[in-house]
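Quick notes on the structure that follows.
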Amino acid sequence: MLEKDIEKVLITEEEITIRSKEIGAQLTKDFEGKTPLILGILRGSIPFLAELVKRIDIHVEMDFMAVSSYHGGTKTSGEVKMIMDLDTPVNGRDIIIVEDIIDTGLTLKYLKELLEHRGAKVTIVTMLDKKEGRKVEIEADYTGFPIPNEFVVGFGLDYDEKYRNLPYVGVLKQEVYMG
Ligand SMILES: O=P(O)(O)OC[C@H]1O[C@H](OP(=O)(O)OP(=O)(O)O)[C@H](O)[C@@H]1O
Ligand SMILES: Nc1nc2[nH]cnc2c(=O)[nH]1
Numbered sequence: 001m002l003e004k005d006i007e008k009v010l011i012t013e014e015e016i017t018i019r020s021k022e023i024g025a026q027l028t029k030d031f032e033g034k035t036p037l038i039l040g041i042l043r044g045s046i047p048f049l050a051e052l053v054k055r056i057d058i059h060v061e062m063d064f065m066a067v068s069s070y071h072g073g074t075k076t077s078g079e080v081k082m083i084m085d086l087d088t089p090v091n092g093r094d095i096i097i098v099e100d101i102i103d104t105g106l107t108l109k110y111l112k113e114l115l116e117h118r119g120a121k122v123t124i125v126t127m128l129d130k131k132e133g134r135k136v137e138i139e140a141d142y143t144g145f146p147i148p149n150e151f152v153v154g155f156g157l158d159y160d161e162k163y164r165n166l167p168y169v170g171v172l173k174q175e176v177y178m179g
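Position 121 of the sequence shown, counted from 1, bears residue number 121 in full-length UniProt numbering, the numbering being contiguous throughout.
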């Protein structure tokens with residue numbers, strides 16, 4: 001049903017599962033002896049975060065923040081707005097931010113600076129990295145897949161709040177934006 005709106009699949013469910021296992025194994029090694037706080041950025045990160053945490057074989061805690069830089073459609077407003085802050089104290093903690101995508105970098109730069117200012121040690125994991133979209137300098141420590149500069153949906157990523165539930169990452173047909 002939803003598939004009829006998809007022009008092409010960029011990353012399959014199987015590829016995401018395999019890559020999540022690899023990143024989870026790497027995080028297990030790199031954070032051995034620690035209990036990092038896995039920080040999911042709502043809403044887009046949820047499907048990837050759910051996939052990833054199952055592959056991390058050390059104790060972790062989980063919390064969530066909501067920020068927004070995209071206000072509908074495919075365009076960014078350029079500013080980041082705090083929608084829901086953390087209540088866990090973060091001073092001195094290892095925080096692993098989990099994101100669905102880095103594009104301009106504005107969201108993660110804002111979050112990283114905010115959490116570091118509060119005394120946390122921040123590590124960034126992103127499922128997708130659209131390097132050509134960057135407006136500010138920020139890099140992920142662990143990346144699932146680099147992708148070209150195209151607007152993508154699925155596996156958490158939305159177009160007007162829809163398509164987040166697609167089990168893969170894809171590009172919509174042009175007519176979907178016009179209709
Ligand atoms: O690097 P940037 O250009 O800042 O873009 C990346 C951000 O944009 C999307 O979030 P959005 O604000 O659309 O919220 P959502 O997760 O609820 O869809 C995505 O989930 C990232 O958080
Ligand atoms: N859904 C979606 N959100 C984004 N936020 C930044 N880039 C993208 C993108 O390609 N798709």
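Just so you know, even glycine gets a beta-carbon here, dropped at the ideal spot from N, CA and C.
Exposure label - residue i; buried when at least 16 CB within 10 Å
| i | result |
| --- | --- |
| Y177 | exposed |
| E7 | exposed |
| I18 | exposed |
| E123 | The residue asked about is misnamed: residue 123 is Thr in this sequence, not Glu. Classification for T123: buried. |
| E113 | exposed |
| P47 | buried |
heavy atom of ligand 2 below 7 Å from residue i C-beta
| i | result |
| --- | --- |
| I138 | no |
| K130 | yes |
| V9 | no |
Cut-off 6 Å between Cβ atoms - residues of its own chain near residue i, not counting five sequence neighbours on either side
| i | result |
| --- | --- |
| T143 | T126, D129 |
Beta-carbon proximity list for residue i, same chain, < 7 Å, skipping 5 on both sides
| i | result |
| --- | --- |
| M82 | V67 |
| H59 | T35 |
heavy atom of ligand 1 below 7 Å from residue i C-beta
| i | result |
| --- | --- |
| E99 | yes |
| D158 | yes |
| D63 | no |
C-beta neighbour in chain B for residue i, strict 8 Å
| i | result |
| --- | --- |
| G170 | Of the chains in the structure shown, none is chain B; there is only one protein chain. |
From the options, residue whose alpha carbon lies closest to that of residue i
| i | options | result |
| --- | --- | --- |
| K135 | G44, L106, E32 | L106 |
| G33 | I56, Y159, L49 | I56 |
| M84 | D63, D94, R93 | D63 |
| I11 | L157, M65, D30, E79 | L157 |
At 4 residues or longer, and completely inside the stretch 36 to 66: list those alpha helix (DSSP H) runs for me, N to C. 46 to 53
For the stretch 114 to 163, which segments carrying the beta strand (DSSP E) assignment without a break, of at least 3 residues, lie completely within its bounds, in sequence order? 121 to 129, 142 to 146
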